[in-house]
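Right, one structure below, let's go through it.
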Amino acid sequence: MAPSLDEPAPIDMDAPLKAAPKLVAPEPGIHSPPTRILSVLEPPNRHDISEHCPGPESQLAGKGDACAGCPNQSICASAPKGPDPDLPLITARLSSITHKVLVLSGKGGVGKSTFTTMLAYAFAANPGSQVGIMDTDICGPSIPKMMGVEAETIHISSSGWSPVWVTDNLSVMSVQFMLPHRDDAVIWRGAKKNGLIKQFLKDVEWGDLDFLLVDTPPGTSDEHLSVNSFLKESGVDGALLITTPQEVSLLDVRKEIDFCRKAGIRILGLVENMSGFVCPNCKNESQIFAPSTGGAKQLAADTHIPFLGAVPLDPRIGMACDYGESFFDAYPDSPACGALRNVVRRLAEGIGLNPDEVISQNIDEEMTSGKQL
Amino acid sequence: MSLDNVGQIVLVLSGKGGVGKSSITTQLALSLSLLNQKTGILDIDLTGPSIPHLFSLSSAKVTQAPGGWLPVPIHAANENEGIAELNCMSLGFLLRERGDAVVWRGPKKTAMVRQFLNDVAWGSLDYLLVDTPPGTSDEHIALAETLLRSARAGQLAGAVVVTTPQAVATADVRKELNFCKKTGIPVLGVVENMSGFVCPHCSECTYIFSSGGGKAMAEEFGVRFLGTVPVDPQFVALVEEGRRPVYPVGTRVAGREVGGVEAPEGGLLVEKYRDCSLCPIFEGIAREVIGIRTSAGNGKV
């Protein structure tokens, strides 16, 4: 039995514009056992809630000034206080995962998901490593398409939800696997997205993993707060920040750095993606996204975080993602792959591993050492 | 509410981040202004506002007046040149430091979007462009609910949906088109951004993010295709450094010679933008957006 999001109610397209449509999506995980009800605190009408809502986990829940008149006041006031009772379950579930790395960026479209997939393939190039990717971008999941597993569904067993396996040592979990149709929009408010992320952490049976990469949506909002609060107890190695070289992107990444510092997430380093483009015709390099303020390197120096490297723009990367193939394995001797290897090695150092055990310096060494690609 | 004197509201949407929603909004606003349409830009990307930076207004602040929050002026009207006034409003103007993170959960974002829609003293506008964050979540739901409930019939012109050509981007943008369908927001059309990059050294065009994906998607969904926009590093230089675009002699865009023009220094962004190779493309898109409205009339296309 696969968990799926319910078929949405038919929408009357000819209804007059003034009639506000119903935008409340079905509850996720309705097929899971009753003991796994998403959250008893999930209120029925989220939009009636005060913007100053202290949150159901607060000591003031149901008692604060902002709670007066809230339809959920009595639920919040009578619910048990204190830390989320699911936290120990999440911690227990994730105890068999050695390293957890978040991939963050304030800006969208800078290559978080692309980089996450390439990073996963790079880690998985070592057949001894088990790698998992969790896609927390609920409204715009890209990982399944980039991995070529868009049409898969999740299976449920007594021990939890099975992730989708891309290769022998690489597994993926995403909301895309639960959609009845590929193009369905997931029109959810924040609270509902948090519920699904919690289920991903609590119910997915990852098994023994060496690396869990958590891909995130752009911004600094519900998903980020939730991932951080749910993972706090089980421990996160840190966050990898991705940016493109131009200032309009760095601007948002600065906000993300501020977020990480406020939330107490260790920053493993900053990677500059789409850095320079070499024309395939004349071999001259041009800056498509010009680093007018010094690019990621300058930002890393200004904010005292490690700069892990710059990955050049290569049209074949986008192509590989569209076809769901591994750029890392298809073009191992391209400049972008070389840059990626160096980023992975520095990242490995950052989480206290020997880079040579994670990935070898270049492709020749890998060939001579007889490792399989 | 404060949108009473706004003629038409155009949303700029995309399921995917970083495809150029804000830069498309910027250029569409400049083009509408050049067509003598008084325009306002509302940026509801709360956690990553880009509009202040694109107009070099990072240090501007919002003023409170009896009628509500006053939008930040980008340029005043110039009747001799036929350029109309352009104003904007963004959360970026409310931040103390531009690097400050806005870490808000849904209900707070919803409240802010409502406040932006209700409390900004736009005055009378021909067009209000709404720049949105990626996704289909709190901000979008709040925007759709508020507009569908309180906008006049036909006031919400519809949405310009932005994508880049590669399949990974269109996969998310398809979700946004379904969002529009579900919520009953008319789709004015699809713009395919970052479609091709012309090498400044050898004029060879490379499709960095492939090409044609936006057009194919528009056809599949039966919505209008508004055009393709290439990557132009001169536009980036214009918004980042305020440098007037200059092209090598012989550069032609949309059949118009744009190269070799020696332009004077200084001037407003909108005047410099006239020299950008993307300007004629956006003039076409802006005319089409205006045209759709005048020909359709009833709010549905």
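Those protein sequence lines, which keep their order, are chains A and B. Counting in my numbering, the first sequence runs from 1 upward without gaps. Counting in my numbering, the second sequence runs from 1001 upward without gaps. Glycine included, C-beta positions come from ideal geometry on N, C-alpha and C. In this text the structure is predicted, and so the values were computed from the model without any measurement.
Secondary-structure assignment with DSSP links valine 1010 of chain B through a beta bridge to B:Leu1129 and B:Gly1158. Within the model, the alpha-carbon separation for methionine 147 of chain A versus serine 1002 of chain B is close to 47 Å. Annotated as distal: lysine 193 of chain A and aspartate 86 of chain A, with beta-carbon spacing of 8 Å or more. The DSSP-derived three-state label of lysine 1109 of chain B is helix.
In this chain, the beta strand (DSSP E) harbouring methionine 173 of chain A covers 170-173.
Counting every other CB atom within 10 Å of its CB across the protein chains shown gives serine 1137 of chain B a total of 16 or more, marking it as buried. The stretch 285-294 of chain A makes no contact with the stretch 257-267 of chain A: fewer than 3 CB pairs, one atom from each, lie closer than 8 Å.
The alpha-carbon separation between alanine 239 of chain A and glycine 350 of chain A amounts to approximately 11 Å. Isoleucine 187 of chain A: not part of any beta strand (DSSP E); DSSP gives it neither H nor E.
Collapsing the DSSP output to three states places valine 1187 of chain B in a strand. For aspartate 1100 of chain B, there is no enclosing alpha helix (DSSP H), since its DSSP letter is neither H nor E.
A straight line joining the alpha-carbon of serine 226 of chain A with that of alanine 1169 of chain B spans about 25 Å. Taken atom to atom, the span from the alpha-carbon of alanine 296 of chain A to that of valine 278 of chain A is near 19 Å. Taking 8 Å as the upper bound on Cβ-Cβ separation, chain A lies near residues Val1231 and Pro1233 of the stretch 1223-1235 of chain B.
By a beta-carbon distance limit of 8 Å, leucine 209 of chain A contacts isoleucine 97 of chain A. Their separation comes to about 4 Å. Assignment of proline 1165 of chain B by DSSP, reduced to helix, strand and coil, places it in the coil class. Look at phenylalanine 1282 of chain B: its C-beta is not under 8 Å from any C-beta on chain A. The beta carbon of glutamate 1204 of chain B falls within 8 Å of a beta carbon belonging to chain A, placing the residue at that interface. Contacts between proline 306 of chain A and chain B, judged by CB atoms closer than 9 Å, are missing: the closest CB pair is about 19 Å apart. For serine 157 of chain A, no alpha helix (DSSP H) encloses it; the enclosing beta strand (DSSP E) starts and ends at 155-157.
Rounded to the nearest angstrom, the gap between the Cα atoms of leucine 1226 of chain B and glycine 324 of chain A is 29 Å. Here the stretch 150-157 of chain A does not lie against the stretch 1146-1161 of chain B, with fewer than 3 beta-carbon pairs under 8 Å apart. Boundaries of the beta strand (DSSP E) around asparagine 1087 of chain B: 1086-1090. For methionine 173 of chain A, not one C-beta of chain B is nearer than 8 Å to its own C-beta.
Using a Cβ distance threshold of 8 Å, threonine 1026 of chain B and leucine 1054 of chain B count as a contacting pair. At least one CB of chain A lies nearer than 8 Å to the CB of tyrosine 1207 of chain B. If you ignore the 5 residues before and after isoleucine 267 of chain A, its C-beta comes within less than 7 Å of the C-beta of Gly238, Ala239, Leu241, Ile257, Cys260 and Ile305, all in its own chain and listed in chain order. Every alpha helix (DSSP H) stretch that sits fully inside the stretch 1189-1257 of chain B and reaches 4 residues is listed by chain position as 1213-1221 and 1233-1241. Per DSSP, leucine 270 of chain A is one residue of the beta strand (DSSP E) stretching across 267-272. Around glycine 318 of chain A, the beta-carbon contacts reaching into chain B at under 8 Å are Gln1166, Val1168, Ile1208, Phe1209 and Ser1210.
For glutamate 1085 of chain B, no Cβ of chain A is located within less than 8 Å of the residue's own Cβ. Using a Cβ-Cβ cut-off of 8 Å, glycine 294 of chain A does not count as an interface residue toward chain B, since no Cβ of chain B sits closer than that to its own. DSSP places proline 312 of chain A in no alpha helix (DSSP H); its state is neither H nor E. Of all residues in the stretch 245-272 of chain A, only Gln246, Glu247, Val248, Ser249, Leu251, Asp252, Arg254, Lys255, Glu256, Ile257, Asp258, Phe259, Lys262 and Ala263 place a beta-carbon less than 8 Å from a beta-carbon of chain B. Using a 10 angstroms sphere on the CB of alanine 1144 of chain B, the tally of other CB atoms reaches 16 or more, which defines it as buried. One finds Cys139, Ala185, Val186 and Ile187 in chain A with Cβ atoms closer than 7 Å to the Cβ of threonine 1136 of chain B, taken in chain order.
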